[in-house]
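Chains as they are written, first to last, in the numbering used here: chain A, 1 to 117; chain B, 1001 to 1114.
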Amino acid sequence: SQQGEEDPQALSIQEGENATMNCSYKTSINNLQWYRQNSGRGLVHLILIRSNEREKHSGRLRVTLDTSKKSSSLLITASRAADTASYFCATGSPSFMFSGGYNKLIFGAGTRLAVHP
Amino acid sequence: EAQVTQNPRYLITVTGKKLTVTCSQNMNHEYMSWYRQDPGLGLRQIYYSMNVEVTDKGDVPEGYKVSRKEKRNFPLILESPSPNQTSLYFCASSVGGHNSYEQYFGPGTRLTVT
């Protein structure tokens, strides 16, 4: 079951510009994570934001979370060509949402970001 | 170096020929998981394991088997592969099974079933 949906599906910008990607989800969450994937390679964890947090920073990354709108955004400032990748949000829901007590991490389909020199 | 390794990285096989994709992690993680990635569908979980000898189905388990006899290894077995199992497969591990832990991913195995 797909929980998070990223928007836009693809984004093309010039180096130095900011890139903003959005993630919307349907059910209650206890945290939301963002991952990056270079073409055909494994995902790399970028940042985790908990449901009681509104904003988090890590280097050039800024993540916001609005639980009332069930949405999150990932902002990459001063983008570089090396930021070219796909970016995925992944939501973790409270244990009562799923049987067996295991809290799943559900990934969206991703945003493909291309940063041109 | 802390890592998750998968083998093989690329595999082309024929329908019905049993295959195993290996996954190993050196971080002493309790939790391991297999995903498949298909265009437009994101990552979908196949199976997961909370610890040795503890495994359970994810969202798309049909046609797959797993085992967890050692903490570091979590092989994915396709007993009778079919073309609809052509996909990019990722193994992942984390410290624990709670979804607030970051997951560490392997480099992926691209499988083609003809």
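Built from N, CA and C at the ideal position, the CB exists for glycine as well.
DSSP places Gln9/A outside both helix and strand once states are collapsed to three, so it counts as coil.
Tyr1089/B is the residue among Glu1030/B, Thr1022/B, Tyr1089/B and Asn1007/B whose C-alpha sits nearest the C-alpha of Gly40/A.
One Cα belongs to Ala114/A, the other to Asn1099/B, and the distance between them is close to 29 Å. Taking a C-beta cut-off of 9 Å against chain A, the contacting residues of the stretch 1043–1072 of chain B are Leu1043, Arg1044, Gln1045, Tyr1048, Met1050, Asp1056, Gly1058 and Asp1059, listed in chain order.
Secondary structure at Asn1084/B: helix, using DSSP grouped into helix, strand and coil. Taking a beta-carbon distance threshold of 8 Å, Asn38/A does not count as an interface residue toward chain B. For Phe1105/B, the residues of chain A that pass the 9 Å Cβ criterion are Tyr35, Gln37, Arg41, Gly42, Leu43, Val44 and His45, in the order they occur in the chain. Cα atoms of Met1050/B and Val1060/B: separation of roughly 17 Å, rounded to the nearest angstrom. In the structure shown, the three-state DSSP call for Asp66/A is strand. Taking the Cα of Gly16/A as reference, the smallest distance to any Cα among Ile76/A, Gly42/A, Arg36/A and Leu48/A is reached at Ile76/A.
Going by DSSP, Glu55/A is part of the beta strand (DSSP E) stretching over Glu55 to Ser58. For Phe107/A, DSSP records a beta bridge to Ala90/A. When C-alpha distances from Asp7/A are compared across Ser72/A, His116/A and Arg80/A, the shortest belongs to Ser72/A.
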